[in-house]
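All remarks here apply to the structure that follows.
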Amino acid sequence: MGMIKAGAIAKGTYLLEKNEPFVVSEREFVNPGKGSAFVRLKLKNLRSGAVLKITHKSQDNCEEIDVDEVESQFLYSDGVSFHFMDSSTFDQFEVPIKAHENAQFYMLDGETFKLTRWNEETLDIRLPPKKDLLVAEAEEAVKGDTVTGATKYVITETNLKVKVPIFIKQGEKIRVNVESGEYQERIND
Amino acid sequence: MQFKPEAIKERAAMYRGLRGYFETCGYLEVDTPLLTDNPIPESHIELFKTQKVQPDGTSFPLYLIPSPEVWLKMVLASGSSSLYQIGRCFRNGEQVDRWHRNEFTMLEWYGINKSAGENLPVMQEILKITINAVNPEAGKEISGNIREISMDEAFREFAGFSLESALKESGLTGINRTSPDYPASLADISIFFQSRLKEKNLPSGDKERESADDLFHRLFLTFVEEALPADRPLALTHWPAFIPTLARDIPGTPWADRWELYIRGVEVANCYGEETDERLLKKYWENESTEKTDPDFRWPQLIARGMPPCSGTAVGLDRLLALVRGDDSLKGLDLFPIHDNMPR
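Note that the protein sequences, when read in sequence, are chains A and B.
Here the first sequence is numbered in our numbering, starting from 266 and rising by one per residue.
Here the second sequence is numbered in our numbering, starting from 3 and rising by one per residue.
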């Protein structure tokens with residue numbers, strides 16, 4: 266997108282630092298006792314999520330990048346890539362599953378998600394904090410089995426293995442925490 | 003309106019305490035103009051500028067002072083005793099954020115025949131007085147004894163190298179900026195700092211034009227400042243003399259007679275043993291002036307020829323008040339912030 270003076274950077278600005286795409290999460294101006302104006306930045310790597318702290322002179326040139334939030338429909342997965350369609354242009358594009366492994370468990374065909382895109386690369390797929398999923402396979406609870414505790418494992422329609430309470434049956438819907446993959450509650454439709 | 007009414011009373015109590023203390027020390031309170039036609043040049047500070055309009059319609063520029071230093075030094079040069087001022091200062095161009103305002107209150111005092119280090123007990127008293135007036139329950143971060151760390155110690159601990167060795171090897175010990183070798187020494191230390199920054203893959207600015215003090219500050223702000231212990235007030239002493247200031251050099255060393263006080267990681271005060279050498283003062287004026295062809299040497303001459311040896315300390319009273327109150331910004335102290343005054 267172009268050069269921006271470090272002093273003009275604000276929270277939410279997208280930058281290229283050390284060839285990686287970042288978003289500015291914090292910005293503080295610092296004027297040392299006697300000297301030029303500096304700015305301290307806290308940056309979040311849009312690919313890895315890692316935090317970078319960096320101090321620039323306000324006059325330093327930084328590279329601002331064009332990052333877009335693209336509303337996209339998830340079409341299907343072919344095991345290697347997710348196939349999406351841009352909801353406004355109807356262009357189709359692929360996103361490697363390897364870069365967003367967690368997303369494969371929480372996207373159902375046809376659903377729409379906000380994708381952070383830069384330079385033909387998808388940096389982030391915005392997933393909801395919780396997702397309701399159908400239980401595709403459930404082990405049968407063995408009557409009287411209290412040795413293993415009152416839980417068992419199920420497989421959801423998206424192939425996610427979740428530890429659930431013993432009473433959950435195949436065909437039921439469960440709510441799962443997307444970040445941790447943990448069971449939250451049973452959903453009664 | 004969002005200001006905290008008790009903050010008004012606390013500020014008044016703080017001022018009463020400070021005035022009482024300086025009275026017992028025999029320091030004269032001075033009240034000097036906020037407008038000047040001839041500010042001390044400082045290349046990194048932008049001033050508020052206005053026009054003085056004459057009755058005949060002509061006008062000339064006047065500036066709001068960034069600090070009362072220029073006046074207080076004139077008063078000292080006229081033969082006064084040690085003195086102090088509590089007053090408003092103005093800095094344009096700065097972003098208003100947690101600890102910065104375009105207009106703020108400074109306590110500035112000058113002790114005759116005192117070196118910078120000799121002002122640390124005075125600073126400790128000022129902290130005590132403010133705590134008693136405003137928040138006697140204030141924690142050790144403010145009420146504890148001031149810890150002294152030199153810049154060299156801080157660099158060895160947090161940046162992993164000896165600043166003193168680097169400065170000595172560059173020839174910056176015992177010479178000053180009127181020496182013909184000075185530019186070469188500055189170039190040497192710049193190369194050293196640049197290599198340190200590049201080693202850590204950090205921004206180092208324009209290779210040809212970045213000044214030695216900008217390179218130093220990059221290293222300082224990245225490795226040192228945020229790592230300084232904040233469990234007690236901290237005085238960071240002995241700053242490199244090559245940073246252009248009005249602080250005098252400590253002879254035979256690469257250091258200036260200078261300290262900065264941090265409380266909870268926030269810079270609250272600074273102190274210089276004041277420069278009185280006429281050549282060095284003129285060199286500073288020349289370098290800092292934007293009027294490079296014809297810098298106004300009235301002030302350096304008056305200071306050099308009249309001001310006694312002394313040290314000056316400046317304390318950001320708004321920051322001190324906020325920190326003693328336990329606030330984490332200046333927000334609660336703003337009585338009528340500019341944005342509140344905008345017409346609807």
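Just so it is clear, CB atoms sit at the ideal spot from N, CA and C, and this is done for glycine as well.
Neighbouring residues, chain A, relative to residue i (Cβ below 7 angstroms)
i        : result
Gln97/B  : Phe294
Thr224/B : Thr320
Gly207/B : Lys322 and Asp325
Asn272/B : Gly298
Glu262/B : Gly298
Thr247/B : Lys299
Asp215/B : Gly300
Glu269/B : Gly298
DSSP beta-bridge partners of residue i
i        : result
Met350/A : Gln338/A and Gln357/A
Asp195/B : A small correction: the amino acid at residue 195/B is Phe; Asp does not occupy that position in the sequence shown. DSSP output for Phe195/B lists no bridge partner at all.
Phe294/A : Val304/A
Asn326/A : Lys270/A
His321/A : Val304/A
Ser313/B : Gly113/B and Gly275/B
Phe370/A : None; Phe370/A has no bridge partner.
Asp333/A : Arg382/A
Asn310/A : Phe287/A
Arg451/A : Ile439/A
Tyr418/A : Lys428/A
Thr34/B  : The partner list for Thr34/B (beta bridge, DSSP) is empty, contrary to what the question assumes.
Glu127/B : DSSP lists no partner for Glu127/B.
Val316/A : Lys309/A
Glu48/B  : Asn94/B
Alpha helix (DSSP H) segment containing residue i, residue limits
i        : result
Tyr286/B : Glu280 to Glu290
Gln53/B  : No alpha helix (DSSP H) holds Gln53/B; the beta strand (DSSP E) holding it covers Lys51 to Val55.
Tyr17/B  : Pro7 to Cys27
Lys363/A : No alpha helix (DSSP H) contains Lys363/A, which DSSP labels as neither H nor E.
Arg321/B : Leu319 to Arg327
Ile305/B : Arg300 to Gly308
Ile144/B : Lys142 to Ser145
Endpoints, the beta strand (DSSP E) within which residue i is located
i        : result
Ala403/A : Lys395 to Ala403
Ile269/A : Gly267 to Lys270
Leu66/B  : Ser61 to Leu66
Lys379/A : Thr377 to Trp383
Leu280/A : Tyr279 to Glu282
Arg391/A : Glu386 to Arg391
Beta-carbon proximity of residue i to residue j, cut-off 8 angstroms
i        : j        : result
Phe195/B : Leu169/B : no
Ala258/B : Ala243/B : yes
Lys322/A : Ala273/A : no
Glu110/B : Leu74/B  : yes
Arg440/A : Asp397/A : yes
Tyr65/B  : Lys54/B  : no
Ile114/B : Ser84/B  : yes
Pro309/B : Trp241/B : For the record, residue 309/B in the displayed sequence is Met; it is not Pro. Contact flag unset, no.
Arg285/B : Phe299/B : Reading off the sequence, residue 285/B comes out as Lys, not Arg. No. Outside cutoff.
Gly16/B  : Leu337/B : It is Met, not Gly, that sits at residue 16/B in the sequence shown. Cβ distance not < 8 angstroms, so Met16/B and Leu337/B don't count as in contact.
Gln435/A : Glu402/A : yes
Tyr274/B : Ser331/B : no
Asp374/A : Tyr418/A : no
Leu304/B : Glu276/B : no
Pro430/A : Ala415/A : yes
Asn121/B : Glu48/B  : no
Ile319/A : Met266/A : no
Glu359/A : His348/A : yes
Phe160/B : Phe106/B : no
Within chain A, partners of residue i - CB distance below 8 angstroms
i        : result
Asn178/B : Neighbours of Asn178/B on chain A: none; closest Cβ ~16 angstroms, over 8 angstroms.
Neighbour list for residue i in chain D, Cβ cutoff strictly below 7 angstroms
i        : result
His240/B : This model lacks chain D altogether; the protein chains it does include are A and B.
Under 9 angstroms from the C-beta of residue i: neighbouring residues of chain A
i        : result
Asn203/B : Lys283
Asp251/B : Within 9 angstroms Cβ-Cβ: nothing; Asp251/B doesn't reach chain A, min ~14 angstroms.
Cross-chain neighbours of residue i in chain B, by beta carbon under 7 angstroms
i        : result
Phe303/A : His219 and Leu223
Partners in chain B for residue i, counting only beta-carbon separations shorter than 9 angstroms
i        : result
Gly267/A : None at all; the shortest Cβ gap to chain B is about 18 angstroms.
* To do: Write down every uninterrupted run of the beta strand (DSSP E) in the stretch 221-277 of chain B whose length is 3 residues or greater and which is fully enclosed by it, in chain order.
  => 236-239, 260-265 and 268-275
* Asked: What are the start and end residues of each continuous alpha helix (DSSP H) run of 4 or more residues lying completely inside the stretch 150-182 of chain B, in chain order?
  -> 153-160 and 165-171
* Whole runs of the beta strand (DSSP E) within the stretch 67-125 of chain B, excluding any shorter than 3 residues -> 85-92 and 105-114
* Within the stretch 420-449 of chain A, note down every full beta strand (DSSP E) run reaching 3 residues or more, in order along the chain. => 426-430 and 438-442
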